[in-house]
Amino acid sequence: MTRGRGPAWSGQAGSTVGSVPIVPAPVSAEWREDEAFALSAGVRVLLDGPTGATPVAARFAEVLGAAAGLEIPVTAVEDDAPGLVVLRLPADAVELGLHRVGPARLEAESYRIDVGPDRILVTAGGVEGLLHAAASLGQLVTTGADGVPVVPAVLVEDAPRFAWRGLSVDVARHFFGPAVLRQVIDVMAQLKLTVLHLHLTDDQGWRLEVPSRPLLTERSGSTAVDGDPGGWYSVADFAELTDYARERGVVLVPEIDLPGHVNAALHAYGELTPSGRPAQEFTGIDVGFSRLDAALASTAPFLQDVLADVAAMTDGPYVHLGGDEVLTMDAAEHRALVGLAATQVRAAGKTVVGWQEVAGAELGPGAVLQFWDEREDTARVVAAVQAGAGLLLSPARRVYLDMKYDPSTPLGLEWAGTTELRDAYSWDPLAVIPEVPAESVVGIEATVWTETLRTADDLFSMLLPRLAAVAEVAWSAPERLDWDGFAERVPALARRWNVAGVAWHRAADVEW
Ligand code: TNX
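In my numbering, the protein residues as written are 52 to 563.
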């Protein structure tokens, strides 16, 4: 067996968590005084758990194999020969997906990795934990003395702080096709993120085929900001994307933004406007001008059709109703339309998510409020949380990854300020709205709005490396959050992004 060498961090038994190159930082990680585990021919994965978890074991083998440039088979035979990776799971652990936020989910996501020269033993609370273990091992693979890929001997114990660790991508201002979203999902899985929220509709375009309302994509699918090319996901595309995400531990949350940000819908269906005539298409970037109309007879059936179809297309528990920035509607009408839509989402068997503006509407049990605008008074959000809503944190100054890094960044906006990597890292989630108790915070979600982002490189150069910082704030216990340690660990990730062919920004304060 070969000893793990190469980067300065490897092979130093007993050193602290900061030197084990895993992002997000695990609960504990310690090098052991032992030889590394060689990833060479003969390595195989054995599932010691329910057969329902077999597909996850196969995924595990694929992730580890990809990091080592190796095909790793899954075997059913346990023997004492070196090179065995044992995956141990409780007997009832087969479910994948964000079916619950809360302590049970955190337990399912927990894992432990014990690497010795002959064996790797992975123990996980559920299949989610196995995927996280694969992500950690993938980050630990390095090159041994004789050029063979190895995992240095290490003991890792880990579990997340928050269950909802998300990213919202605006595919409405500019469209990003399934291939780009698969790359996004790959990066998310590497960072142990669990929720991909898709902002599917806005003034500039409608990006999801809705079978009961085909004109939405036929008329408004191909428009985008500045007259750039649009596009949309067919029902089949969305199903494939859902599967791809689920296999990697990521659940999709579709957002149909209403009752504002609806110009694309008004352009497709004239019956939604008071004049009965379709709205002009819109390719600018102003917000707040478009609206549904509670007084029109066509509005409720439209919402009913769209939300029932979208709910049927999603395997996750949530549908996001948007609700933000309606500047042309009084509070009563806003509340009525959001309440109506929430009723329809619940009738379709899903739980409601909305931007903070929906606080005060009737949302139903388990609803989640997504807080983004720190300029606004938080009293209504606090009241809604006290009445039982969960709080999802997306404070714009920290996690709006469409904000420029610094004033010279060519892409992005600046309305919430500039957000350096260090700003995305150095904040306390529980201090965002101090009146909200920790147990009401379901998690953290980064967003990337795409008014100025046209290409995959544009998108990834804004996401990375800041998404890694947000992932660590969402996963790691407060006592593990340490900027210097993060700045030391993140360059290794960037090398993996290079291999994956995704762009990233050489953020200040890190020695890349
Ligand atoms: C605010 S966040 C918006 C979006 C913009 C974004 C740009 C939110 C709920 N609304 O419509 O795209 O700022 O940063």
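Positions of the beta carbon are idealized from the N, C-alpha and C atoms, including for glycine.
Keep in mind the model is a prediction, meaning the values are calculated, not measured.
- Using a Cβ distance threshold of 8 Å, Arg-139 and Val-173 count as a contacting pair.
- Taken through DSSP and simplified to helix, strand or coil, Glu-158 comes out as helix.
- Shown here, Ala-80 sits in a strand according to DSSP, grouped into three states.
- Per the coordinates, the alpha-carbon of Pro-211 lies some 44 Å from the alpha-carbon of Glu-332.
- The alpha-carbon of Gly-278 is positioned some 33 Å away from that of Ala-393.
- Within 10 angstroms of the beta-carbon of Ala-412 lie 16 or more other beta-carbons, which makes it buried.
- Spatial neighbours of Trp-548 in its own chain (CB-CB distance under 7 Å, excluding positions within 5 residues in sequence) are listed in chain order as Leu-515, Trp-555.
- Judged by pairs of C-beta atoms under 8 Å, the region 119-127 does not touch the region 159-168, as fewer than three such pairs exist.
- In this structure, Val-561 sits near Leu-472, with a CB-CB distance shorter than 8 Å.
- Assignment of Met-364 by DSSP, reduced to helix, strand and coil, places it in the helix class.
- Contact between His-371 and Gly-417 is absent: CB atoms are separated by about 13 Å, not below the 8 Å threshold.
- The Cβ atoms of Gln-241 and Gly-198 lie no closer than 8 Å to each other.
- The beta carbon of Thr-365 is closer than 8 Å to those of Thr-293, Leu-303, Val-304, Pro-305, Lys-401 in its chain, skipping five residues each way along the sequence.
- Nearest to Ala-525 by C-alpha distance, out of Ala-92, Arg-110, Val-78, is Val-78.
- The three-state secondary structure of Asp-375, taken from DSSP, is coil.
- The three-state secondary structure of Tyr-476, taken from DSSP, is helix.
- In the three-state reduction of the DSSP assignment, Asp-308 falls in the strand class, which pools E and B.
- Closest in C-alpha terms to Val-276, from the list Ala-545, Trp-500, Pro-200, Ser-459, comes Trp-500.
- Remark: the shortest separation between the CB of Tyr-284 and any heavy atom of the ligand TNX does not fall under 7 Å.
- Of the candidates Ile-236, Ser-512, Val-450, Ala-117, the residue whose Cα lies closest to the Cα of Asp-479 is Val-450.
- Restricting attention to alpha helix (DSSP H) runs no shorter than 4 residues, the region 499-550 encloses them at 507-514, 517-526, ordered along the chain.
- Note that the C-beta distance between Trp-283 and Glu-260 is below 8 Å.
- Here Pro-352 carries a helix assignment [DSSP, helix/strand/coil].
- Beta-bridge annotation (DSSP): Gln-421 is paired with Trp-406, Leu-443.
- Taken atom to atom, the span from the alpha-carbon of Ala-119 to that of Ala-184 is near 15 Å.
- Burial check for Pro-200: the Cβ neighbour count within 10 Å reaches 16 or more, so the residue is buried.
- Counting only runs of 4+ residues, the alpha helix (DSSP H) found wholly inside the region 175-235 occupies 178-191, in chain order.
- Contact between Gly-339 and Thr-379 holds, with the beta-carbon distance rounding to 7 Å and staying under 8 Å.
- In this chain, the alpha helix (DSSP H) harbouring Arg-431 covers 430-437.
- Ala-430 and Ala-387 have their alpha carbons spaced roughly 20 Å apart.
- Secondary-structure assignment with DSSP links Val-136 through a beta bridge to Val-96, Ile-171.
- The alpha carbon of Ala-545 has as its nearest neighbour, out of Val-493, Ala-519, Glu-530, the alpha carbon of Ala-519.
- The beta-bridge partner set that DSSP reports for Val-492 consists of Leu-442.
- When C-beta atoms of the region 483-496 are compared with those of the region 423-443, three or more pairs fall below 8 Å, so the two segments count as touching.
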